[in-house]
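A.B. asks:
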Amino acid sequence: MTTPVPDLAQRAAELRRHLQVYAHHYYVLDAPLISDAAYDTLYRELRELEETYPDLITPDSPTQRIGGPPTEGFRKVRHPGAILSLDNAFSADEVRAWGERMRRLIGDAPLDFVVEPKMDGLTVVLHYTNGLFTLGATRGDGIEGEDVTVNLRTVPSVPLRIPLSGSSLPVGEGAGVRTDTGRMPSDPHPNPLPEGEGMRLSPGDREASVPKRLVVRGEVLMLRDAFERLNADRVAQGLKPYENPRNTAAGALRNLDPKVTASRPMTLYAYNIVEVVGGPRLRSQWDTLTYLRAMGFPVNRDSQYARDLDQAIELALAWLARKPSLNYEADGIVIKVNSFALQDELGVVGNAPRWAVAFKPAPQEGVTVLRKIAVNVGRTGVLTPYAIMDPLRIGGVTVTQATLHNADYIAERDLREGDTVVLKRAGDVIPQVLRPVPELRPPDAQPWQMPGTCPSCGEPVVRPDGEAATYCVNSACPAQLVRNVEHFVGRGTMDIVGFGERMAGQLVSAGLIRDISDVYHLYEHRATLLQMEGFGDKKVDNLLQSIEASKDRPLSRLIYALGIRHVGSTVAEGLARQFGSLDRLMRASLDDVQAIPGFGPQIAESLVEYFGNPHNQQVIARLQAAGVKTADTTQAAPRDGHLVGQTFVLTGRLPTLTRDQAKALIEAVGGRVTDSVTRKTNYVVAGEEAGSKLDKARQLGVAVLDEAGLHRLLG
Ligand code: IVH
Numbered sequence: 008m009t010t011p012v013p014d015l016a017q018r019a020a021e022l023r024r025h026l027q028v029y030a031h032h033y034y035v036l037d038a039p040l041i042s043d044a045a046y047d048t049l050y051r052e053l054r055e056l057e058e059t060y061p062d063l064i065t066p067d068s069p070t071q072r073i074g075g076p077p078t079e080g081f082r083k084v085r086h087p088g089a090i091l092s093l094d095n096a097f098s099a100d101e102v103r104a105w106g107e108r109m110r111r112l113i114g115d116a117p118l119d120f121v122v123e124p125k126m127d128g129l130t131v132v133l134h135y136t137n138g139l140f141t142l143g144a145t146r147g148d149g150i151e152g153e154d155v156t157v158n159l160r161t162v163p164s165v166p167l168r169i170p171l172s173g174s175s176l177p178v179g180e181g182a183g184v185r186t187d188t189g190r191m192p193s194d195p196h197p198n199p200l201p202e203g204e205g206m207r208l209s210p211g212d213r214e215a216s217v218p219k220r221l222v223v224r225g226e227v228l229m230l231r232d233a234f235e236r237l238n239a240d241r242v243a244q245g246l247k248p249y250e251n252p253r254n255t256a257a258g259a260l261r262n263l264d265p266k267v268t269a270s271r272p273m274t275l276y277a278y279n280i281v282e283v284v285g286g287p288r289l290r291s292q293w294d295t296l297t298y299l300r301a302m303g304f305p306v307n308r309d310s311q312y313a314r315d316l317d318q319a320i321e322l323a324l325a326w327l328a329r330k331p332s333l334n335y336e337a338d339g340i341v342i343k344v345n346s347f348a349l350q351d352e353l354g355v356v357g358n359a360p361r362w363a364v365a366f367k368p369a370p371q372e373g374v375t376v377l378r379k380i381a382v383n384v385g386r387t388g389v390l391t392p393y394a395i396m397d398p399l400r401i402g403g404v405t406v407t408q409a410t411l412h413n414a415d416y417i418a419e420r421d422l423r424e425g426d427t428v429v430l431k432r433a434g435d436v437i438p439q440v441l442r443p444v445p446e447l448r449p450p451d452a453q454p455w456q457m458p459g460t461c462p463s464c465g466e467p468v469v470r471p472d473g474e475a476a477t478y479c480v481n482s483a484c485p486a487q488l489v490r491n492v493e494h495f496v497g498r499g500t501m502d503i504v505g506f507g508e509r510m511a512g513q514l515v516s517a518g519l520i521r522d523i524s525d526v527y528h529l530y531e532h533r534a535t536l537l538q539m540e541g542f543g544d545k546k547v548d549n550l551l552q553s554i555e556a557s558k559d560r561p562l563s564r565l566i567y568a569l570g571i572r573h574v575g576s577t578v579a580e581g582l583a584r585q586f587g588s589l590d591r592l593m594r595a596s597l598d599d600v601q602a603i604p605g606f607g608p609q610i611a612e613s614l615v616e617y618f619g620n621p622h623n624q625q626v627i628a629r630l631q632a633a634g635v636k637t638a639d640t641t642q643a644a645p646r647d648g649h650l651v652g653q654t655f656v657l658t659g660r661l662p663t664l665t666r667d668q669a670k671a672l673i674e675a676v677g678g679r680v681t682d683s684v685t686r687k688t689n690y691v692v693a694g695e696e697a698g699s700k701l702d703k704a705r706q707l708g709v710a711v712l713d714e715a716g717l718h719r720l721l722g
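Note that this note's numbering has the sequence shown beginning at 8, numbered continuously upward.
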């Protein structure tokens with residue numbers, strides 16, 4: 008080759024710089040700038056150059072991440088400062104008590120906080136000298152750790168040189184900084200900082216801020232998706248899958264063969280500066296995170312700024328609710344005093360700082376008296392027993408009622424009226440009656456039995472063989488009718504605005520509604536309505552108007568609104584798509600229904616039975632006569648989008664989206680929404696009051712998302 012070497016040196020330097028920037032965007036910012044193939048081409052060019060001219064190799068070259076020869080053992084290194092650990096708080100009250108203890112020491116100085124996930128990986132201490140990664144150690148006993156530099160070099164998000172010059176780092180105006188309730192900003196969503204708060208790094212500071220020495224603390228871990236891919240590969244090769252991400256990462260980091268480490272996909276999150284010489288003056292934890300990010304370190308994006316302790320607790324609880332759907336493992340959330348001046352004032356006791364606490368709410372249990380076991384009648388006639396208890400404050404809420412599910416649940420625990428019972432509440436999950444305390448049982452307490460007759464209509468109830476549920480089978484049962492009407496007029500069905508639970512009860516007991524088709528004859532009873540409690544002129548007008556408007560709902564909504572057993576909104580949509588009109592659906596045979604992919608005999612039998620019933624036929628005829636639209640064409644789901652082939656189940660109430668909206672969003676990118684959770688379900692999207700579907704998802708290990716997680720997935 009005739010090209011002069013200086014040009015090659017320049018080219019090598021340029022390749023290095025570009026590859027570092029691309030890798031940073033890929034591994035740290037999760038926002039690749041170029042394709043993998045383009046990256047590989049540049050990488051190969053650099054590697055070939057370096058192979059020909061080994062003098063061109065620098066320690067921060069991306070080619071140096073592959074891991075050197077196996078080591079004999081790890082050298083011990085002393086940490087520059089003590090690597091502290093954390094005290095725990097197991098409830099929001101304990102966090103508040105911690106806040107009060109601090110108050111006694113510092114008076115009423117304003118206290119702001121940073122809330123950071125407590126990542127469950129391995130603590131590492133990374134040393135940079137004049138910007139170059141020179142030493143990486145494990146935590147060890149907090150004073151002395153092991154030198155695992157060669158292994159850490161193979162972790163792609165560990166910067167080999169800081170800062171990354173030439174990259175569009177989130178430093179400077181309007182980036183890398185917080186909003187009032189700041190979340191750690193990440194491209195492409197920088198959070199502007201209100202004037203005069205926090206640290207500012209102007210673009211010029213970037214060069215000036217290469218510290219002579221920087222020692223950073225962080226956590227190395229294996230992300231859940233990477234762990235799953237690794238295991239899928241192992242299984243495909245006939246190898247045993249690894250137990251869990253943490254132990255796999257630990258094994259990899261301390262493996263004596265760096266090539267093994269390199270083959271395990273690990274990630275770094277930095278969160279602390281142990282020592283800095285020749286860098287900017289950092290005054291707070293939030294400054295630190297901002298600075299770390301500006302230097303090119305990955306910082307967990309769920310780290311947030313809180314202006315006071317109440318907000319910190321609120322943010323922590325919101326994060327805890329999302330925890331099951333996160334891509335990293337965490338064993339709690341750390342709340343840290345933001346200001347370093349106050350941190351210093353608060354100091355350290357033992358080996359834990361007073362200014363930080365790890366918030367790990369454990370499921371909470373309490374004891375109260377079960378006064379009565381009452382029974383509720385559902386839409387399909389299922390009798391559900393529930394406990395009425397003396398009020399108990401648990402996990403921050405007062406509980407007076409809890410479902411007891413069915414007769415077996417009560418019999419297995421031998422729960423009796425008058426018993427003192429143990430109640431458990433985990434996170435924001437509905438409270439559970441665990442067991443009675445037999446020692447405190449009143450002598451006259453009797454075993455509980457499901458009533459033989461319906462508490463609403465007085466007709467005999469039945470419990471089919473092999474089922475846990477007991478049913479009221481009287482189709483004229485007023486409780487069922489009320490529930491049926493509620494369902495019919497509800498948000499996901501005919502969506503009659505202003506027609507609530509209470510109104511359904513009132514209209515049924517007044518005899519104005521004897522089946523759902525009576526909803527469309529209410530206008531004939533205007534005078535009677537006006538005499539009822541709470542019904543004024545305006546309200547009646549509005550009600551009649553929204554009833555009129557509901558006649559136009561899509562067919563799928565109407566099918567779902569009928570309340571046919573085993574026909575949820577998704578099944579109803581499939582039926583509407585397949586049959587196009589209620590008339591055609593009514594004529595469908597068992598085989599016709601089962602010909603639809605995913606529809607089994609249960610649904611088919613339920614439909615045939617429902618439409619074969621003369622009473623139901625009459626109801627439908629009346630709906631049609633009243634002008635309710637019973638035919639339409641719905642669009643087919645798209646065949647492309649990034650969620651094609653992925654199945655979702657929605658359960659519970661989401662904070663902002665209705666079920667229909669969530670479904671539409673998922674389907675718009677090719678995903679499919681089904682009614683029941685199976686091994687084939689990819690995601691369960693759970694909101695408040697999610698019930699058995701969530702339990703099932705946990706049982707089967709199906710990924711659970713909250714609404715925020717869903718938005719992320721949808722992109
Ligand atoms: S703060 C004085 N913040 O939790 C600082 N620790 O400390 C004390 N951990 O194994 C630690 N994420 O490595 C802190 N955002 C975070 C953390 C965190 C994970 C780990 C830490 C150590 C354990 C207890």
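A virtual CB, placed ideally from N, CA and C, is assigned to each residue, including glycine.
Considering Cα atoms alone, identify which of 395, 415, 28 and 404 is closest to residue 424.
C.D. replies: 395
A.B. asks: Does the contact criterion of 3 or more C-beta pairs under 8 angstroms hold for the region 619-630 versus the region 646-653?
C.D. replies: no
A.B. asks: Please report the straight-line C-alpha distance between residue 499 and residue 505, rounded to a whole angstrom.
C.D. replies: 14 angstroms
A.B. asks: For residue 247, does the three-state DSSP call read helix, strand or coil?
C.D. replies: coil
A.B. asks: Just the C-alpha distance for residue 699 and residue 431, rounded to the nearest angstrom, thanks.
C.D. replies: The C-alpha of residue 699 lies about 17 angstroms from the C-alpha of residue 431.
A.B. asks: According to the Cβ coordinates, are residue 231 and residue 358 closer than 7 angstroms?
C.D. replies: no
A.B. asks: How about residue 265 and residue 137: do their beta carbons lie closer than 7 angstroms?
C.D. replies: no
A.B. asks: If I measure Cβ to Cβ from residue 150 and keep anything under 8 angstroms in the same chain, skipping five residues before and after, which residues do I get?
C.D. replies: 85, 86, 89 and 90
A.B. asks: For residue 440, which beta-bridge partners are listed by DSSP?
C.D. replies: 430
A.B. asks: Which residue's Cα is closest to the Cα of residue 141: 122, 165 and 108?
C.D. replies: 165
A.B. asks: The ligand IVH heavy atoms versus the CB of residue 360: any closer than 6 angstroms?
C.D. replies: yes
A.B. asks: Would you mind working out which of 709, 294 and 494 sits nearest residue 3, comparing C-alpha positions?
C.D. replies: Since the first and last residues shown for the chain are 8 and 722, residue 3 lies out of range.
A.B. asks: Whose CA, out of 43, 536, 491 and 146, lies closest to the CA of residue 81?
C.D. replies: Checked all of 43, 536, 491 and 146; the closest Cα to residue 81 is 146.
A.B. asks: How long is the line joining the alpha carbons of residue 660 and residue 585, rounded to whole angstroms?
C.D. replies: Put simply, the backbone Cα of residue 660 is about 28 angstroms away from that of residue 585.
A.B. asks: Does the ligand IVH have even one heavy atom less than 6 angstroms from the beta-carbon of residue 126?
C.D. replies: yes
A.B. asks: With which residues is residue 273 paired in a DSSP beta bridge?
C.D. replies: Answer is none; residue 273 lacks a bridge partner.
A.B. asks: From the DSSP output, in three-state form, read off residue 126 for me.
C.D. replies: Here residue 126 sits in strand by DSSP.
A.B. asks: Mark residue 339 as exposed unless 16 or more other C-beta atoms lie within 10 angstroms of its C-beta, in which case mark it buried.
C.D. replies: buried
A.B. asks: Residues in the same chain with beta-carbon distance under 7 angstroms from residue 173, minus the five sequence neighbours each way, listed in chain order, please.
C.D. replies: Note that residue 173 scores a pLDDT of 41, beneath 50, so its modelled location is shaky; the value from the coordinates is reported in the next line. If we look at residue 173 and ignore the five residues flanking it on each side, its Cβ neighbours are 24 and 28.
A.B. asks: Can you tell me whether residue 468 is helix, strand or coil according to DSSP?
C.D. replies: strand
A.B. asks: Under 8 angstroms Cβ to Cβ from residue 283, same chain only, skipping five residues before and after it: list those, please.
C.D. replies: Excluding five sequence positions before and after residue 283, the CB atoms of its chain that fall closer than 8 angstroms to its own CB belong to 218, 220, 221, 222 and 289, given in chain order.
A.B. asks: Going along the chain, which residues of its own chain have a beta-carbon closer than 8 angstroms to the beta-carbon of residue 408, five neighbours each way excluded?
C.D. replies: 393, 394, 395 and 396
A.B. asks: Run through the region 463-507 for me and flag every whole alpha helix (DSSP H) of 4 or more residues, listed as ranges in chain order.
C.D. replies: 485-496
A.B. asks: Please list the terminal residues of the continuous beta strand (DSSP E) segment that includes residue 347.
C.D. replies: Run containing residue 347: none in the beta strand (DSSP E); it sits in the alpha helix (DSSP H), 347-353.
A.B. asks: DSSP beta-bridge partners for residue 702?
C.D. replies: Beta-bridge pairing links residue 702 to no other residue.
A.B. asks: If you measure between the beta carbons of residue 658 and residue 701, is that distance less than 7 angstroms?
C.D. replies: yes
A.B. asks: Report back the beta-carbon spacing between residue 725 and residue 662 to the nearest angstrom; my notes put them in contact at under 8 angstroms.
C.D. replies: Residue 725 is absent from the model: the chain starts at 8 and stops at 722.
A.B. asks: Buried or exposed for residue 316, going by 16 or more other Cβ atoms inside 10 Å?
C.D. replies: Buried, since its Cβ has 16 or more Cβ neighbours within 10 Å.
A.B. asks: Pick helix, strand or coil for residue 143, following the three-state DSSP scheme.
C.D. replies: strand
A.B. asks: Quick one: what does DSSP say residue 621 is sitting in, helix, strand or coil?
C.D. replies: Residue state, collapsed to three classes: helix.
A.B. asks: Per the DSSP calculation, residue 393 is bridged to which residue(s)?
C.D. replies: Answer by DSSP bridge pairing, in chain order: 381 and 410.
A.B. asks: Given 8 angstroms as the limit, is there contact between the region 486-498 and the region 511-529, that is, 3 or more CB pairs closer than that?
C.D. replies: yes
A.B. asks: For residue 547, name the three-state secondary structure that DSSP assigns.
C.D. replies: helix
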